[in-house]
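If you read the sequences in order, they're chains C and L.
In terms of our numbering, the first sequence is numbered consecutively and its last residue is 301.
In terms of our numbering, the second sequence is numbered consecutively and its last residue is 1316.
All C-beta atoms, glycine included, are put in the ideal place defined by N, C-alpha and C.
All of these numbers come straight from a predicted model, not from anything done at the bench.
A short worksheet on the structure shown next.
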Amino acid sequence: MTSIRFPRPLAFVFSGGLARAAGQIGMCEVALELGITPDLAVGTSTGAINAAMLAKDPANFHIAARALWHGVASDKALSSTWRSTFRGLAGKGSNRTQTMLRKHLDAAFGDVTREQLAFPLIAVSTDLESGHSSTTQGDTIVNTLLSSAAFPIIMPPVSVGDQLLIDGSVVAGVPVSQAVAAGARSVIVFDTGASAVSESEIDEIGWYEVLALAFTHLVRGQADHDLLLAARDVPVVTISMDQGSPFDLRTAPEIIHHGRDAASGVLLALSPRHGKDFRTVNKPGSYGNHNPTSDS
Amino acid sequence: MAVPDQMHVPSPVVTADLTPREPMKLAHHLPHPVAYVMAGGGAHGSVQWGLLQALAETDISPDVLIGTSAGSLTCSILGEDPLSALSRLSYVWSQLDIEVLVGDSWMAMLSAARKKSQSLAENASERAMLEDILVARDFSELRIPTAAVATDLATGKATAFDSGPLIPALLASSAIPGMLPPVTINGRRYVDGLASANLPARLAVERGAKSIVVLDTGSREPAPISTSATKVVARVNNILNARQRRAQLAYASSHVPILVLPTPQNLGAALDFRGTMTAASSAYELARQFLFDVTAMSGRSKFSPGLYARPGPYVTDPDLSQFLVGVEPTAAQS
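Written out as structure tokens, the structure is:
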């Protein structure tokens, strides 16, 4: 029984999740528990991996996605951004990070083809040449996810057809315009890409984190721009959380809970009132707990 | 020796004689307040000196100035004394180099990198340079209202400083993340405005500008397509910069008329100060011709909201082309 209804097709949009991508598991499972199901899943970077897990088997998503992120977070080769960065800058070894991630994705997706997915999947990458987003559909799911998550320095670009692709976060931190372009008439955004931290959190950070934080702010500003533009055309419900380090994968279990809390808050506020059976969210605009109005 | 009966002499390139007898008349097209919006760009900031020389040959005078990073310095110099600004900028750009900005001790940088300090370099020499160039110490001492844009390091919000101490705001606006230290103002830490609004056109509109002249800083050749980590990073930098600029211009040009002065697109690295003079001079030539062409195309009325720019890659994005009022190069004048 669904009490909140959306104009169809409804897209679930998974932001470039940084290391908080596990929070999207909590958010998404709350939506599923409320009987809200998508017609397509769109994701960027680590969010694309979650979108693919959902499209592969919605009924088993809550277990399979937890297992995947648990595996990734306990893999030393992947959980230390410091180590990966130095390997990448040294011009060698970033291939190794990608090989490790490929191993986890192969285990999760095996030979699953796009035709076997429960609904269409769009994984967004950045085309290094044109500087535009790419939603290449031609390649295997694992290759598409690897290109969507090929964060500069940490992993090398992935070549798909005649394109050289890197992490989609560079141009589509929140791939909401790609969802609208694919025909979505409503969107729920699972957003773990918030870049704001508290003033006290930056007391102890070093020059490298200052640089990384500035980079995520820059990407975030553009994602907010995209959220505003999409909300002119369709209803955009954004479930946003900012708990957990953007750079440290090892905190997954608490992060999932924060994601659940955020989703419950947002979706409860959209629930029908005054004894009505359901509510339809059909007016274009921004809904949810993130108001994308800040500059740039 | 036989003379060929027909000489194939290429016709000479006729360039317009633009020698100003009186200023190019443009000001009456621009609703007040007129804002000069100046982008950041490190060593490419010298481009703005060339653009200001071209603007000085028109009758436009700005009511407000807003700039990011290198642009915030140009704004402050112009805001302090518009009459002497051009000669002071020539002094700045002939003096400025990487050592003034970040010091010359690579040993100090290495040790900073190891100690996990918040930046690889200190800003003492940049502070000394600013205190040398500017007489004003507070925004209230500037003749034209001026704002310097920095990024709140914790929240990522673009913040425009337009009152209080001037030097800390300029240091914050140009605090390249990781390279120069974040600057604490009123208990919050700020870094370079490039992380939120490198071309602060949207802030200019939000602060009440009714028309805008954009002084960008030009760009370098796009980084080659390569799988090498450093080339990918350079490329990502191109992509992010272009995207942020498009978003800013799309927002602003749907509200007010914007003149986008053309800038050189073949510059060196953003922290390579060797080409600053050449860049400024080619910016001057480009902008002067552009302003001449805008004067030639315009009627008598005020400009309506839109992007008055040279058609080209800078404005080909669908987000922008809907606002574009193309300023075509005019045929050679006699």
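- Between residue 1203 of chain L and residue 1248 of chain L, the CB-CB gap stays under 7 Å.
- Contact between residue 52 of chain C and residue 76 of chain C fails: their C-beta atoms lie close to 18 Å from each other, not under 8 Å.
- 7 Å or more divides the Cβ of residue 1288 of chain L from the Cβ of residue 1276 of chain L.
- If you ignore the 5 residues before and after residue 1140 of chain L, its C-beta comes within less than 7 Å of the C-beta of 1131, 1133, 1175, 1178, 1179, 1182, 1185, all in its own chain and listed in chain order.
- Unbroken alpha helix (DSSP H) runs of no fewer than 4 residues, entirely contained in the region 175-205 of chain C, are found at 181-186, following chain order.
- Within the region 124-153 of chain C, 131, 133, 134, 136 place their CB atoms closer than 8 Å to a CB of chain L, listed in sequence order.
- The Cβ-Cβ distance between residue 267 of chain C and residue 246 of chain C falls below 7 Å.
- In chain C, no part has a C-beta under 7 Å from the C-beta of residue 1167 of chain L; the shortest such distance is about 12 Å.
- Counting along the chain, the unbroken beta strand (DSSP E) around residue 1167 of chain L starts and ends at 1165-1167.
- Its chain contains 74, 257, 260, 261 as the residues whose beta carbon lies nearer than 6 Å to that of residue 27 of chain C, once the 5 sequence neighbours on both sides are disregarded; these appear in chain order.
- In the three-state scheme derived from DSSP, where H, G and I count as helix and E and B as strand, residue 1122 of chain L is classed as helix.
- Interface criterion met: the Cβ of residue 1098 of chain L is under 7 Å from a Cβ in chain C.
- Against residue 1024 of chain L, chain C offers no close residue; the least beta-carbon distance is about 15 Å (beta-carbon pairs closer than 8 Å).
- Counting along the chain, residue 17 of chain C sits inside the beta strand (DSSP E) bounded by residues 15-19.
- Residue 270 of chain C places its beta carbon 7 Å or farther from that of residue 236 of chain C.
- DSSP, read as helix, strand or coil, puts residue 1275 of chain L in helix.
- Cβ neighbours of residue 1195 of chain L within its own chain (closer than 6 Å, five residues either side excluded): 1018, 1241.
- In the three-state reduction of the DSSP assignment, residue 248 of chain C falls in the coil class.
- Assignment of beta strand (DSSP E) within the region 1153-1220 of chain L, counting only whole runs of 3 or more residues, yields 1165-1167, 1170-1174, 1193-1197 in chain order.
- Going by DSSP, residue 1058 of chain L is part of the alpha helix (DSSP H) stretching over 1052-1062.
- Proximity of the region 1243-1260 of chain L to the region 186-203 of chain C falls short of the contact definition, fewer than three beta-carbon pairs being nearer than 8 Å.
- At a cut-off of 7 Å between beta-carbon atoms, residue 163 of chain C makes no contact with chain L.
- Residue 1241 of chain L has L:1195, L:1290 as its beta-bridge partners, per DSSP.
- Between the C-alpha atoms of residue 14 of chain C and residue 1071 of chain L there is a straight-line separation of about 57 Å.
- The beta carbon of residue 227 of chain C sits closer than 7 Å to some beta carbon of chain L.
- Between residue 1222 of chain L and chain C, the shortest Cβ-Cβ separation is below 7 Å.
- The continuous beta strand (DSSP E) containing residue 1018 of chain L extends over residues 1016-1020.
- With fewer than 16 neighbouring CB atoms inside 10 Å of its own CB, residue 112 of chain C falls in the exposed class.
- The beta-carbon distance between residue 153 of chain C and residue 129 of chain C, rounded to whole angstroms, is 6 Å. This is short enough to meet the 8 Å contact definition.
- CA-CA distance, residue 1099 of chain L to residue 238 of chain C, rounds to 46 Å.
- Residue 1285 of chain L sits in coil when the DSSP states are folded into three classes, being neither helix nor strand.
- Within chain L, the residues whose beta carbon sits less than 8 Å from that of residue 204 of chain C are 1136, 1169, 1170, 1171, listed in sequence order.
- Residue 1072 of chain L carries a helical assignment under DSSP once its states are collapsed to helix, strand and coil.
- In chain C, no part has a C-beta under 7 Å from the C-beta of residue 1154 of chain L; the shortest such distance is about 13 Å.
- A Cβ-Cβ distance of about 5 Å is found for the pair residue 1218 of chain L and residue 175 of chain C, placing them in contact under the 8 Å criterion.
- If you check each beta-carbon in the region 211-226 of chain C against every beta-carbon of chain L, the ones closer than 8 Å belong to 211, 212, 213, 215, 216, 218, 219, 220, 221, 222, 223, 224, 225, 226.
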